[in-house]
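Per my numbering, numbering through the sequence shown is continuous, rising by one, with the last residue being 601.
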Amino acid sequence: MNKLETIRNFCIIAHIDHGKSTLADRIIQMTNTVGTREFRDQFLDDMDLERERGITIKSSAVKICYKAKDKKEYLLNLIDTPGHVDFSYEVSKTIAACEGALLLVDAVQGVEAQTIANLYLAMEHELEIIPIINKIDLKSARVEEIKLEMQEVLGVETDEVLLISAKDGAGIEDVLEEIIKKVPPPSGNSKERLQALIFDSSYDIYRGVIIYVRIMNGCLKPGTEIEMMNKGGRYEVKEVGVFSPREQAVNMLDSGEVGYMVCNIKDAKDVVVGDTVTTASEPASSPLLGYKPVKSMVFSGIYPISNEDYENLKSAMEKLKLSDSSFIYESETSAALGFGFRCGFLGLLHMEIIQERLEREFNLDLIASSPSVIYKVKPIHAELMEIDNPTKYPEKERIEYVEEPFVKCHIIAPASSVGGIMKISENKRGEFVSTKYLDPTKVQLTYDIPLSEIIVDFYDKIKSSTQGYGSLDYELIGYRKADIVKLDILINGVACDALSCIVHREKAKRKGRELVQKLRESIPKHLFKIALQASVGGNIIARENISALKKHVTGKCYGGDITRKRKLWDKQKEGKKKMRRIGRVDVPKDAFLKAMRVA
């Protein structure tokens, strides 16, 4: 048998918390890929953050040897993927390196928003889909109902659906046999010129950049001089290997295989996910298709609490970008927070994860500014501008019109929660599109909603109103004209750029009031009165005062003439006027943190 015919490259796709990582665990255990002593739950989730939150953030690859019922040895390359909407880019990268996908659906919750989104991604890449219902061991499992739901919503035949329990291992062998039977072996020729797709990378302090590749054509050996076809640059391959599941060096990576290579590349910028690796002496005629450029949805400033950590933060971001190519950044300066970076993210969870990874993995103390989206601003007598930073927002007199991004939101939830979801969506300026009943107990609501309204707390509110059963998926559908304004926060008459934000006019007053109230609670009293104001276009829309710290100047005056006390009070009053004139307000870092959480 040709070696290629024994290889199967597949991934596991599903909505968040439907059991992808648990199924990967059972497959690894059943095939004895890892010894009993080494094994632990969520084996492919390497980050502490993944294990604590119980979610997959990064895709992980593992090589599995499996002896099938036909007595032949097969090589299975499994890639586990995230399920959260913010990490859909990780899923799309993984799908491009595979020929098949296990589509996992929870036996209780059924088809969810991300299940549908991931299925469409897999179908775009013409992957062979193996539908599976997981968690059949649960007492509340609705197997027959979910089968019909999958047929109705996903278009799969009910007799093709596999029933498993990833927790106790029931049906796992059937899954492996179905992979052998249905997933096609990779196409490619080891005698052709080398074409390897870079689908991920990471950084090692001793070996430099570790590049994860899928060999499409040709073969890769240590000592080969390679060339990056899009980025440029030539390097000598020092080591190649596979994930089994830990890195294991091998003599060669052949056509159809998934593995890694080390070339002693020290600069993280030299490696781009989606690039094609070929040999420098006999390059391939054309690069592989690669990936669509990822478009950031949410922007925020990230600053070190200590300005001395700026260079460390810059280095940390370069290394983090290697393992997360959807993360972008550029330098910026804030009068309030000093030197930092303007960063782009796929969503708010993505932003939280990046900030937490920077703090944990690189030992940094950071502060993030209010999240924003890209607005299209048309100044009078000038070309359309894209604004993602409130400090770059033009004066209102110079603006002809503003457009804000809209997304199409698909919300799947129990039918009993429809009223609550509609109220939440309408409060977020959502425009109703359609309602579709997936079965008598489950409904899919579709709304067009401004992206700025869903990035902070929309998902949390959907979860709360549906007792955790609601799910959300969204896609950018374009820009629409809107009444958008810049909200400035003034502290003693001076605008604080770190707290400025771009909002819809009807939300400005409420947000301004909430921001100044938060600051009033967080900023300590000074020896002079502090005015906190929210302003739109020079008009004050909200105000709070922090009263002066009172000093008991007449404490030592016992009795005697009242004029003596009055003289001391007048002297204090004059001193406070002078302080107000020249004094600067010290704003603690936690005041910024509390203000950033205002939705």
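Cβ atoms here follow ideal geometry from the backbone N, Cα and C, with glycine treated the same way.
Going by other Cβ atoms of all chains shown within 10 Å of its Cβ, with 16 needed for buried, is VAL260 buried or exposed? With 16 or more Cβ atoms within 10 Å of its Cβ, VAL260 is classed as buried.
Can you find at least 3 beta carbon pairs, one from the region 265-273 and one from the region 331-344, that sit closer than 8 Å? At 8 Å Cβ cutoff, the stretches do not touch.
So, helix, strand or coil for PHE460, using DSSP? Three-state result, PHE460: helix.
Same chain, Cβ closer than 7 Å to GLU54, neighbours up to 5 away in sequence not counted: Legend: pLDDT at GLU54 = 47, less than 50; position of this residue unreliable, no value from coordinates given.
ARG42, DSSP secondary structure in three states: Note that ARG42 scores a pLDDT of 47, beneath 50, so its modelled location is shaky; the value from the coordinates is reported in the next line. If DSSP states are grouped into helix, strand and coil, ARG42 belongs with coil.
Suppose you measure from the CA of ASP19 to the CA of GLU354; what does that come to, to the nearest Å? Those two C-alpha atoms are separated by around 19 Å.
Return the first residue and the last residue of the beta strand (DSSP E) that HIS506 is part of. It spans 503-506 - the beta strand (DSSP E) in which HIS506 sits, taken as one unbroken run.
Let me make sure I understand the geometry here. Which of ASP108, VAL145, CYS221 and LYS398 has the alpha-carbon closest to that of LYS169? Ranking the options by Cα distance to LYS169, first place goes to ASP108.
Tell me, please, whether the region 359-379 touches the region 397-415 by the rule of three or more beta-carbon pairs shorter than 8 Å. Short answer: they touch.
Return the Cβ separation of ASP475 and ALA119 in integer angstroms, given the expectation that the two are a contact with Cβ distance under 8 Å. Right, the Cβ-Cβ distance comes to about 5 Å (below 8 Å), so this counts as a contact.
Select from ASN541, ASP499, GLY514 and ALA497 the residue whose C-alpha is nearest the C-alpha of VAL505. For VAL505, the closest of ASN541, ASP499, GLY514 and ALA497 by C-alpha to C-alpha distance is GLY514.
Beta-carbon separation of ARG431 and GLU455 under 8 Å? Yes, the Cβ-Cβ distance between ARG431 and GLU455 is below 8 Å.
Any idea which residues DSSP pairs ASN541 with across the strands? ASN541 pairs with VAL538.
My output table needs one value for LYS450: the three-state DSSP class, helix, strand or coil. One detail in the question is off: residue 450 reads as Asp in this sequence, not Lys. Look at ASP450 here: in three-state DSSP terms it is strand.
First through last residue of the alpha helix (DSSP H) which encompasses THR24: For THR24, the uninterrupted alpha helix (DSSP H) run begins and ends at 22-32, by DSSP.
Taking all protein chains shown into account, decide if CYS498 is buried (16 or more other Cβ within 10 angstroms of its Cβ) or exposed. Looking at its Cβ environment, which holds 16 or more other Cβ atoms inside 10 Å, CYS498 is buried.
Are at least three pairs of beta-carbons, each pair with one atom in the region 319-326 and one in the region 196-208, less than 8 Å apart? The answer is yes - the region 196-208 touches the region 319-326, with three or more Cβ pairs under 8 Å.
Endpoints, the beta strand (DSSP E) within which THR117 is located: THR117 -> not in any beta strand (DSSP E); alpha helix (DSSP H) instead, spanning 115-126.
For the region 539-554 against the region 521-530, do three or more pairs of beta-carbon atoms, one drawn from each stretch, fall closer than 8 Å, so that the two count as touching? Contact holds: three or more Cβ-Cβ distances are below 8 Å.
Please state the DSSP three-state secondary structure of LEU140. Three-state DSSP puts LEU140 in coil, outside helix and strand.
Taking DSSP's pairing of strands, which residues face ASN11 in a bridge? According to DSSP, which records beta bridges pairwise, ASN11 is partnered with ASN79.
Let me confirm a value: PHE45 is counted as buried when at least 16 other C-beta atoms fall within 10 Å, else exposed. Which label applies? With a pLDDT of 44 at PHE45, under the threshold of 50, the modelled position of this residue cannot be trusted, and the question is left open.
May I ask which residues mark the beginning and end of the beta strand (DSSP E) holding VAL435? Counting along the chain, the beta strand (DSSP E) containing VAL435 begins and ends at 433-441.
With distances taken Cα to Cα, identify the nearest neighbour of ASN219 among GLY157, PRO289 and ALA544. Here the closest residue by C-alpha is PRO289.
May I ask you to verify whether the region 4-18 touches the region 183-193, counting CB pairs closer than 8 Å and requiring at least 3? Inter-segment contact for the region 4-18 and the region 183-193 is present: three or more beta-carbon pairs are separated by less than 8 Å.
Under 8 Å by Cβ, that's how I've got ALA70 and ILE166 pegged, so tell me the actual separation to the nearest angstrom. Actually they are not in contact, since the Cβ atoms of ALA70 and ILE166 sit about 18 Å apart, beyond 8 Å.
With a threshold of 8 Å, are at least 3 pairs of Cβ atoms found where one atom belongs to the region 393-401 and the other to the region 415-427? Under the Cβ criterion (8 Å, minimum of three pairs), the region 393-401 does not count as touching the region 415-427.
Option nearest LEU612 by Cα separation, candidates ILE564, THR160 and GLU477: Because residue 612 is not part of the residues shown, which for the chain are 3 to 601, the question remains open.
Among GLN535, LEU123 and ILE525, which residue has its Cα nearest to the Cα of LYS511? Residue GLN535 is the option with its Cα nearest to LYS511.
Can you give me the Cβ contacts of MET387 inside the same chain, cut-off strictly under 6 Å, excluding the 5 residues immediately before and after it? Correct list, in chain order: VAL379.
Evaluate the contact criterion for the region 121-139 versus the region 153-164: three or more CB pairs, one atom per stretch, below 8 Å. A contact exists between the region 121-139 and the region 153-164.
Buried or exposed for LEU291, please, with buried defined as at least 16 other CB atoms from any protein chain shown within 10 angstroms of its CB. Exposed: under 16 other Cβ atoms inside 10 Å.
Who are the Cβ neighbours of GLU332 in its own chain at under 7 Å, not counting the five residues just before and after it? Leaving aside the five residues that flank GLU332 on each side, the residues in its chain whose CB is nearer than 7 Å to its CB run, in chain order, PHE343 and ARG344.
Cβ pair ASN603, ARG209 closer than 8 Å: Shown here, the chain extends from 3 to 601; a query on residue 603 therefore has no answer.
Could you tell me the boundaries of the beta strand (DSSP E) in which ARG362 lies? Unbroken run through ARG362 is the alpha helix (DSSP H), 350-363; no beta strand (DSSP E).
Using the rule of at least 16 other Cβ atoms within 10 Å of the residue's Cβ for burial, across every protein chain shown, is ASN541 buried or exposed? ASN541 should be labelled exposed.
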